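End of the sequence shown sits at 198 in my numbering; the numbers just go up one at a time, nothing left out. Backbone N, C-alpha and C fix where the C-beta goes; we use that ideal spot for every residue, glycine too. Being a predicted model, the structure only gives us computed values, none of them experimental. Down below is the structure, laid out as structure tokens.
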Amino acid sequence: MRPVRILVFAKAPLPGLAKTRLIPALGADGAAALARRMLDDTLAAVLAADVGPVELCATPAVDAPAWGGVAIPSGVATSDQGAGDLGARLARATARTCARGEAAILVGTDCPGLRPSLLRTAAAVLGTGCCVIHPTADGGYALLGLTAFDASLFDGIAWGGDGVAAATLGRLAALGWPVHVGEHLHDIDTPADLAWLPVGPA
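Here you go:
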């Protein structure tokens, strides 16, 4: 069974950089504060899942001033997402992970539904040699788990559109790779999505 690495993709929670589509509802500072909360919650969840190494793939790199004051939990490795569109960034991280002999679970920090039990189930599915995807209500995905790398899964995708999950599933089918489709989740990207935030203390 391949070891599993969780790759968390995140922007620095800086006003004007993170969660910009929420600025009309929350203001730049409020949107950044929510981004910081969701980053912290996501890192806590992936660490609690305890399925393997956790790597924060950051933009900009974590040594940039934008990350000042953000405490990265101990035990979390960090890397720079680098240049290019989201597909290029996802592809680079996935390729190097799979080249090390690890399976990759790719997540962002936009989805409060990424609970530890869901991540453990995803890791177990990968252990069977099957890929796993959790689509989101807006047509994207909150989690993609892969046991191997193929560039077609990331090239020429209309990132941010409503066909990301469908396109990815089509390419997995073309590769002949079995895939488990998990429950649909909700990202927090727009003011209307704020209804999906958990109620309770931050």
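So which of the options has the shortest CA-CA distance to residue i?
{"i": "PRO187", "options": "LEU171, ALA27 and PRO131", "result": "ALA27"}
{"i": "GLY109", "options": "ALA191, ASP134 and LEU181", "result": "LEU181"}
{"i": "SER113", "options": "VAL195, VAL47, GLY104 and ILE129", "result": "VAL47"}
{"i": "ALA133", "options": "PHE150, VAL121 and CYS107", "result": "CYS107"}
{"i": "ALA73", "options": "GLY83, TRP63 and GLU51", "result": "GLU51"}
{"i": "LEU115", "options": "GLY71, GLU179, ASP146 and TRP63", "result": "GLU179"}
{"i": "ARG96", "options": "ARG1, ARG167 and LEU168", "result": "ARG1"}
{"i": "GLY71", "options": "ALA44, LEU22 and GLY78", "result": "ALA44"}
In whole angstroms, what is the alpha-carbon distance linking residue i and residue j?
{"i": "VAL160", "j": "VAL4", "result": "18 Å"}
{"i": "THR124", "j": "MET(-3)", "result": "8 Å"}
{"i": "TRP173", "j": "ILE129", "result": "12 Å"}
{"i": "CYS94", "j": "PRO(-1)", "result": "10 Å"}
{"i": "ASP185", "j": "TRP192", "result": "10 Å"}
{"i": "ARG92", "j": "VAL66", "result": "26 Å"}
{"i": "TRP155", "j": "ALA84", "result": "11 Å"}
{"i": "ASP25", "j": "PRO69", "result": "23 Å"}
{"i": "LEU82", "j": "LEU10", "result": "19 Å"}
{"i": "ILE101", "j": "LEU190", "result": "25 Å"}
{"i": "VAL121", "j": "VAL175", "result": "9 Å"}
{"i": "CYS127", "j": "LEU171", "result": "12 Å"}
{"i": "THR55", "j": "TRP63", "result": "9 Å"}
{"i": "CYS53", "j": "ALA60", "result": "13 Å"}
Give the DSSP-derived three-state secondary structure of residue i in the structure shown.
{"i": "GLY26", "result": "helix"}
{"i": "GLY141", "result": "strand"}
{"i": "VAL42", "result": "helix"}
{"i": "ALA198", "result": "In this prediction, ALA198 has a pLDDT of 41, which is less than 50 and means its spatial position is unreliable; nothing more can be read from the coordinates."}
{"i": "VAL121", "result": "helix"}
{"i": "ASP36", "result": "helix"}
{"i": "THR55", "result": "strand"}
{"i": "ASP189", "result": "helix"}
Rounded to whole angstroms, how far is the Cβ of residue i from the Cβ of residue j, which I believe are closer than 8 Å?
{"i": "ALA118", "j": "LEU139", "result": "6 Å"}
{"i": "VAL177", "j": "PRO131", "result": "7 Å"}
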